[in-house]
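Residue numbers (UniProt numbering), protein chains in the order written: chain A, 1 to 222; chain B, 1 to 258.
In this text, a Cβ means the ideal position worked out from N, Cα and C, and glycines have one as well.
Remember, it's a predicted structure, so these values are computed and weren't measured experimentally.
Data first, discussion second: the structure below is written as C-alpha cells.
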Amino acid sequence: MFDFLEGYDVLGAFWTTVQLTLLSAVGSLIWGTVLAGMRVSPVPLMRGFGTAYVNIVRNIPLTVIIVFTSLGLSNIFGVALGAADDFEAKFFRLAVLGLIAYTSTFVCEALRSGINTVPVGQAEAARALGLSFSQVLTLIVLPQAFRTVIGPLANVLIALTKNTTVAAAIGVAEAALLMKEMIENEAQLLLISTIFALGFVVLTLPTGLLLGWLGKRLAVKR
Amino acid sequence: MTEVSVTKDAVSTAEDLVVLKNVNKHFGALHVLQDIDLTIARGEVVVVIGPSGSGKSTLCRTINRLETIDSGDITIDGKPLPQEGKELARLRADVGMVFQSFNLFAHKTVLENVMLGQLKVRKADKRAAEEKARALLDRVGVGTQADKYPAQLSGGQQQRVAIARALAMDPKVMLFDEPTSALDPEMINEVLEVMQQLARDGMTMVVVTHEMGFARSAANRVVFMADGRIVEEAAPDQFFSNPRSDRAKDFLSKILHH
C-alpha cells in the first residue's frame, strides 16, 4: 500500500523543514527582540524605524517576501549569502532570511505586549538603582516580558513551522515541494496529503505542548 | 489660606546634600509643585507630610529625576541633576529610593535583588556582593528569606528587602516614598523600626509618610505641603504642638482627633 513512497526522501524533506524552522526561529527571536527594544526606546529615530519596519513587513504576504529574496535580492542585486555556486544552499539561506524578516515582526509585537504587562515600578526601581536604559531592558523588563509571552510566542513558532512551506516557491527542497512532486507523479492524493499533514502535526504539536508547560512553569508570580 | 515663608540662609554650605531651588512642575493644567525651595543637610532626616494630592510624592521623585521638573534647580552634593543618560544613572546610584509598592524585581530572588545593583552598577566582585547582601538582609531582619522570590514574602518583609536593596549601593541619601502606605497595619512597625535605626545611624533621609509617630520620633524637621507648596517647615515638636499655619492646623486636627 505504501510502495508509492519508494524513491522519495520524505524524511530528508522534513529534515529540511526542521532546519528552516529552527534557523528562522532563532533569527527572528533575535531580530524581533531588537525590534521590540527599538519600539520602546527613548530615541525617536529608533522608535520610528521599529514601527515602520513592523507595519510594513508584517502586512506583506510571505510569498511576496520569499519570492523577492530570490528574484530581487539574488537575481537583481546579486546577494548570494556566501553560497554563489551552490544553488541549493543559496536559496535555502535566502528563504531563511525572508522567514526571519517576516516572523520577527510577530515576535516583536508579542514581546511588546509582554513588555506592557511589566509594571512601571519595575523599571523605575531599576532606574533608581542607577541601571542604564539597556540594562533596565535586558536585565529587568525583557526577562519578565518573555515569561509572560511564551504562549503567544509558541503560536508564532507554530505558524513559522507551517510558513516554511512557502520556501517551496523558490525551490527549496522542503516537505511541501516534495509533496507537490509526489502528488503529480503518484495517484495517491489523499494518502500523500495525509502523510504530510501528519508530519507537520508531529512537528508542531509537541512545540505547543512543551512551550505551554514551560510558560506555566516560568510564569512570574506577583 | 495663610502661607508662612521660612527665612533661610540663601548661601548653600558644604553640609547641604540636597538643594531644591525654585522648583516648578505641572501635570497638564495642574501646577503640582509651586516654587519649592528645600535644603536637606547631610545626616538630616526630613519628613514630608500633607494631604493627598499635595505634591509630596512628586517632590520626592524629582530628587532622583524619576519626575522631570519644568523649571528650577536641583543639586545633589553640589552637582546639578543631569539629563537622562550615563551621568544621571551614576547619580541615581548614590540616591537610594524606597517605593510605596516595594517594586522588588519579581523574577529574581531576594538575594539577587540586593546583589543586582552592586554587580551591574558598582561592578563589585560577586563574592563581596553576596556577602554584603546577606549582611544587609540580616540587618533588616530577613536574612532567612534570601533565596525566596518576592511574591513569597509578606509586604513588610518585601519593603525591608527593598530598603536593603537601596542600602547595598551605599547611598548618600535615601528617599522614602510612602513606604508604609501599602502595608497591613501589623507590618508597618517592622518597617518603621528599620527606618528608625537608619536615622539613628546618621543616614540622610527624605521620608514622605502619613506616619505621624515616625515624624515625631525620628525627624529632625517636618515639611508640611499642601496644594503644591511648602506651607510650613518646623522641628517636629513645634510643628505638632504648635503649628503656625491654618492649613497645617486644619490638617492636624483631621488626622489627630478622631
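Within a Cβ cutoff of 7 Å, which residues of the same chain sit near residue i, ignoring the five residues on either side of it in sequence?
| i | result |
| --- | --- |
| residue 196(A) | 175 and 179 |
| residue 109(A) | 54 |
| residue 183(A) | 189 and 192 |
| residue 51(B) | 226 and 251 |
| residue 42(A) | 133 |
| residue 38(B) | 20, 223 and 230 |
Note down, in chain order, each residue of its chain lying with its Cβ closer than 6 Å to the Cβ of residue i, except the 5 sequence neighbours on either side.
| i | result |
| --- | --- |
| residue 126(A) | 136 and 140 |
| residue 165(A) | 176 |
Any beta carbon of chain A sitting closer than 7 Å to that of residue i?
| i | result |
| --- | --- |
| residue 103(B) | yes |
| residue 160(B) | no |
| residue 120(B) | yes |
| residue 107(B) | yes |
| residue 117(B) | yes |
| residue 97(B) | yes |
| residue 151(B) | yes |
| residue 164(B) | no |
| residue 92(B) | yes |
| residue 226(B) | no |
Could you compute how far the alpha carbon of residue i sits from the alpha carbon of residue j?
| i | j | result |
| --- | --- | --- |
| residue 28(A) | residue 107(A) | 7 Å |
| residue 227(B) | residue 81(B) | 25 Å |
| residue 142(A) | residue 81(A) | 31 Å |
| residue 177(B) | residue 143(B) | 24 Å |
| residue 105(B) | residue 77(B) | 29 Å |
| residue 206(B) | residue 22(A) | 53 Å |
| residue 4(A) | residue 40(A) | 54 Å |
| residue 141(B) | residue 96(B) | 19 Å |
| residue 1(B) | residue 248(B) | Confidence in residue 1(B) is poor, its pLDDT being 40 and thus under 50, which makes the residue's placement unreliable; the coordinate value appears in the next sentence. Rounded to the nearest angstrom, the two C-alpha atoms are 10 Å apart. |
| residue 224(A) | residue 161(A) | Within the shown structure, residues of chain A are numbered from 1 to 222, placing residue 224(A) beyond reach of any answer. |
| residue 6(A) | residue 192(A) | 12 Å |
| residue 173(B) | residue 152(A) | 43 Å |
| residue 209(A) | residue 149(A) | 15 Å |
| residue 46(A) | residue 105(A) | 15 Å |
| residue 146(A) | residue 78(A) | 37 Å |
| residue 200(B) | residue 216(B) | 14 Å |
| residue 75(A) | residue 127(B) | 57 Å |
With distance defined between alpha-carbon atoms, name the residue in the options nearest to residue i.
| i | options | result |
| --- | --- | --- |
| residue 84(B) | 99(B), 65(B) and 78(B) | 65(B) |
| residue 198(B) | 88(B), 175(B), 15(B) and 242(B) | 175(B) |
| residue 132(B) | 158(B), 167(B), 101(B) and 155(B) | 167(B) |
| residue 183(B) | 114(B), 67(B) and 155(B) | 155(B) |
| residue 168(A) | 71(A), 133(A), 111(A) and 92(A) | 92(A) |
| residue 109(B) | 90(B), 241(B) and 162(B) | 162(B) |
| residue 134(A) | 14(A), 33(A), 20(A) and 13(A) | 33(A) |
| residue 43(B) | 102(B), 17(B), 222(B) and 122(B) | 17(B) |
| residue 155(A) | 199(A), 177(A) and 207(A) | 207(A) |
| residue 89(B) | 47(B), 204(B), 100(B) and 63(B) | 63(B) |
| residue 90(A) | 128(A), 65(A) and 73(A) | 73(A) |
| residue 86(B) | 130(A), 47(A), 58(A) and 77(A) | 130(A) |
| residue 124(A) | 236(B), 99(B), 145(B) and 122(B) | 99(B) |
| residue 113(B) | 124(B), 241(B), 122(B) and 149(B) | 149(B) |
| residue 221(A) | 236(B), 146(B), 239(B) and 152(B) | 152(B) |
| residue 31(A) | 58(A), 101(A) and 14(A) | 101(A) |
| residue 171(B) | 146(B), 118(B), 186(B) and 196(B) | 118(B) |
| residue 122(B) | 139(B), 146(B), 15(B) and 91(B) | 91(B) |
Step through the CB atoms of chain B and report whether any lies within less than 7 Å of the CB of residue i.
| i | result |
| --- | --- |
| residue 222(A) | yes |
| residue 144(A) | yes |
| residue 115(A) | no |
| residue 36(A) | no |
| residue 168(A) | no |
| residue 125(A) | yes |
| residue 140(A) | yes |
| residue 129(A) | yes |
| residue 215(A) | no |
| residue 104(A) | no |
Do residue i and residue j have their C-beta atoms within less than 7 Å of each other?
| i | j | result |
| --- | --- | --- |
| residue 70(B) | residue 24(B) | yes |
| residue 144(A) | residue 118(A) | yes |
| residue 36(A) | residue 112(A) | yes |
| residue 62(A) | residue 163(A) | yes |
| residue 137(B) | residue 93(B) | no |
| residue 219(B) | residue 47(B) | yes |
| residue 223(B) | residue 57(B) | no |
| residue 158(B) | residue 102(B) | yes |
| residue 170(A) | residue 65(A) | no |
| residue 215(A) | residue 14(A) | no |
| residue 33(B) | residue 55(B) | yes |
Less than 8 Å between C-beta atoms, sequence neighbours within five positions excluded: which residues of the same chain meet that for residue i?
| i | result |
| --- | --- |
| residue 188(B) | 156, 180 and 211 |
| residue 186(A) | 4 and 192 |
| residue 130(B) | 111 and 115 |
| residue 4(B) | The predicted model places residue 4(B) with a pLDDT of 45, which falls under 50 and marks its position as unreliable; any figure quoted below should be read in that light. Within the same chain, residue 4(B) has close Cβ partners 231, 232, 244 and 245. |
| residue 115(A) | 36, 40, 141, 142 and 145 |
| residue 203(A) | 14, 17, 18, 21 and 161 |
Given a limit of 7 Å on CB to CB distance, which residues of the region 50-78 of chain B reach chain C? No chain C appears in this structure, whose protein chains are A and B.
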